[in-house]
Amino acid sequence: MKFQLTEKQLEWQQEVREFLQETVTPELLHEAEENEDKTIGPLEREYRRKLIEKGWAAINWPKEMGGLGLTNMEKFIFNEEFSYMNAPHPSGAAFSIVAPAIFMFGTEENKKEWLPKIMAGEASFALGYSEPNAGTDLAGLTTIAVLDGEEWVINGQKTWNTLGHQVTHQWTAVRTDPTLPKHKGISVIIIPNNAPGVTLVKQRTWGNHTTNDVFFENVRVPKNNLIGEVNQGWRILTGALDSERVLMGGSAELHRVYDDLVEFCKHTIIDGELLINRPDVKNKLAELHVELEIAKLFGYRGASLLDSGREISSEASMMKVFATELYTKVADYGMQIVNMYGQLNKEDEAAPLVGALEHLYRLAPFHRFGGGTNEVQRNIIAVRGLGLPRK
């Protein structure tokens, strides 16, 4: 483990940072926020076009596939810069989860069919994993796919389908053999959102985050929409979830809130005293600073392990738990520091940090259970990382 970025990595970080400082305008951020539960607007569409032109949607795809061939470490640096600026991310699940899974597990036909569409922005994806009775225990899913000639017929329901209303396809975990043990009879099938029998119902969460319930009623898709081999979906899902957890293990969004909080404390007087001069405030800020630095190092470690070819299941879970628990802690400490003002949302002119603390407090639960609940992640760490018995 090296605790400093290389000169090349620092140059890459600066390149990304300068681009974002020039490109991410208040108008773009406002449009993206306003359209979170709709389709993307014209400013974001133009912004995404620029990113695709630079090849930044596929930065660690192989060059022969049209990517830049950069490392996972460079990708992590890239993601953190975008998160710090609250900028719309260029890749989403299509580039960061679906494409890597197709590279690793897909057939040649899968690669020829889907990778060019992803690169051209013609295919975007939401993750059709969780179900009302199969979230924590994903292998308990009951959405079923039956092969009928040259088509799969799918029936079932998915929930917590983030961004499902903004994408073209569902990357869907289905049961293709109910007679096998539950981990063995699962496959991954791509389902277009506009296929007859697909219904999306939006759900608004406490964190002001739009998710969806997705219903499949006798939905028919071509046989070759199956990714890889039939009944081999669990391997695909676990690999994709590790990638998702590494992404969720980033902490730059929290660093931004923390930096803004420090600046607020340097210039704000409450009860006759500058906040930054209070010992209790200094202690809280110091504690958060240490843990945010640890979270950043966790991220660097996870990315470097990926680059070394290591299996990182337990490390990905460690990253995910540590970073997502910090969402709650930053919000909690921030609200304690600014007192009752921290409960004001962005609509109130007196809200510190334009309501960021109040919003972070509501958003924190989503991060703790998204990508696999932290309770389950601790079990993974115990069994796979520490070698403890399952029972």
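Sequential numbering from 24 applies to the sequence shown in our numbering. Ideal placement from N, C-alpha and C gives every residue a C-beta, glycine not left out.
Return yes when the Cβ of residue 231 is within less than 8 Å of the Cβ of residue 385, no when it is not.
Along the sequence shown, one-based indexing puts residue 385 at 362. Along the sequence shown, one-based indexing puts residue 231 at 208. Yes, the pair counts as a contact, with Cβ atoms nearer than the cut-off.
Let me know the secondary structure DSSP gives residue 362 once reduced to three states.
Position 339 of the sequence shown holds residue 362. Residue 362 falls in the helix class under three-state DSSP.
First and last residue of the beta strand (DSSP E) that includes residue 119?
Along the sequence shown, one-based indexing puts residue 119 at 96. Per DSSP, residue 119 lies in no beta strand (DSSP E) and is assigned neither H nor E.
At what residues does the beta strand (DSSP E) containing residue 167 begin and finish?
Looking up residue 167 in the sequence shown gives position 144. Here the beta strand (DSSP E) through residue 167 covers 167 to 171.
Any beta-carbon of chain B closer than 8 Å to the one on residue 128?
This model lacks chain B altogether; it includes just one protein chain.
Tell me whether residue 274 sits in a helix, a strand or coil according to DSSP, three-state version.
Counting from 1 along the sequence shown, the entry for residue 274 is found at position 251. Residue 274 carries a coil assignment under DSSP once its states are collapsed to helix, strand and coil.
Sort out for me which residues DSSP pairs residue 100 with in a bridge.
For the purposes of this step, residue 100 is taken as the residue at position 77 of the sequence shown. Residue pairing by DSSP leaves residue 100 without any beta bridge partner.
Taking residue 140 as part of the beta strand (DSSP E), name the residues at either end of that continuous run.
Taking the first residue of the sequence shown as position 1, residue 140 is located at position 117. Element bounds for residue 140: not the beta strand (DSSP E) but the alpha helix (DSSP H), 131 to 142.
Determine the burial state of residue 373: buried for a count of at least 16 other Cβ atoms within 10 Å of its Cβ, exposed for fewer.
What you label residue 373 is simply residue 350 of the sequence shown in a count that begins at 1. Around the beta carbon of residue 373, fewer than 16 other beta carbons sit within 10 angstroms, so the residue counts as exposed.
Anyone know if the C-beta pair for residue 254 and residue 209 falls short of 8 Å?
One-based indexing of the sequence shown puts residue 254 at position 231. One-based indexing of the sequence shown puts residue 209 at position 186. With respect to residue 209, residue 254 sits close: the two C-beta atoms are nearer than 8 Å.
Any idea if residue 379 is buried or exposed, counting beta-carbon neighbours within 10 angstroms, 16 or more meaning buried?
Counted from its first residue, the sequence shown places residue 379 at position 356. By the 10 Å Cβ count, residue 379 comes out buried.
Which of helix, strand or coil does DSSP assign to residue 255?
Along the sequence shown, read from residue 1 onward, the residue named residue 255 stands at position 232. If DSSP states are grouped into helix, strand and coil, residue 255 belongs with coil.
Inspect the beta-carbon positions of residue 43 and residue 105 and report whether they are closer than 8 Å.
The residue labelled residue 43 in the question sits at position 20 within the sequence shown. The residue labelled residue 105 in the question sits at position 82 within the sequence shown. Cβ atoms of residue 43 and residue 105: closer than 8 Å.
Pick from 200, 115, 182 and 335 that is closest to residue 237, judged by C-alpha positions
Start at 1 with the first residue of the sequence shown, and residue 237 comes out as number 214. Of the residues 200, 115, 182 and 335, the one whose Cα lies closest to the Cα of residue 237 is 182.
Taking the beta carbon of residue 151 as the centre, do at least 16 other beta carbons fall within 10 Å, making it buried, or is it exposed?
On the sequence shown, residue 151 is found 128 positions in, with the first residue counted as 1. Buried.
What three-state label does DSSP hand residue 331 in the structure shown?
The residue you call residue 331 lines up with position 308 of the sequence shown. Looking at residue 331 - three-state DSSP - the assignment turns out to be coil, as it is neither helix nor strand.
Any idea if residue 170 is buried or exposed, counting beta-carbon neighbours within 10 angstroms, 16 or more meaning buried?
Counting from one through the sequence shown, the residue named residue 170 turns up at place 147. Burial is judged here by how many other beta carbons sit within 10 angstroms of a residue's own beta carbon; residue 170 has fewer than 16 and is exposed.
Which word fits residue 139, buried or exposed, when buried means at least 16 other C-beta atoms lie within 10 angstroms of its C-beta?
Sequence index remark: in the sequence shown, residue 139 carries index 116 (1-based). Exposed is the call here.
Give a yes or no on contact between the stretch 95 to 112 and the stretch 323 to 341, applying the rule of three or more CB pairs nearer than 8 Å.
Yes, since at least three Cβ pairs between the stretch 95 to 112 and the stretch 323 to 341 fall closer than 8 Å, the two stretches touch.
For residue 222, the residue or residues it bridges with in DSSP
Along the sequence shown, read from residue 1 onward, the residue named residue 222 stands at position 199. Answer is 238, bridged to residue 222.
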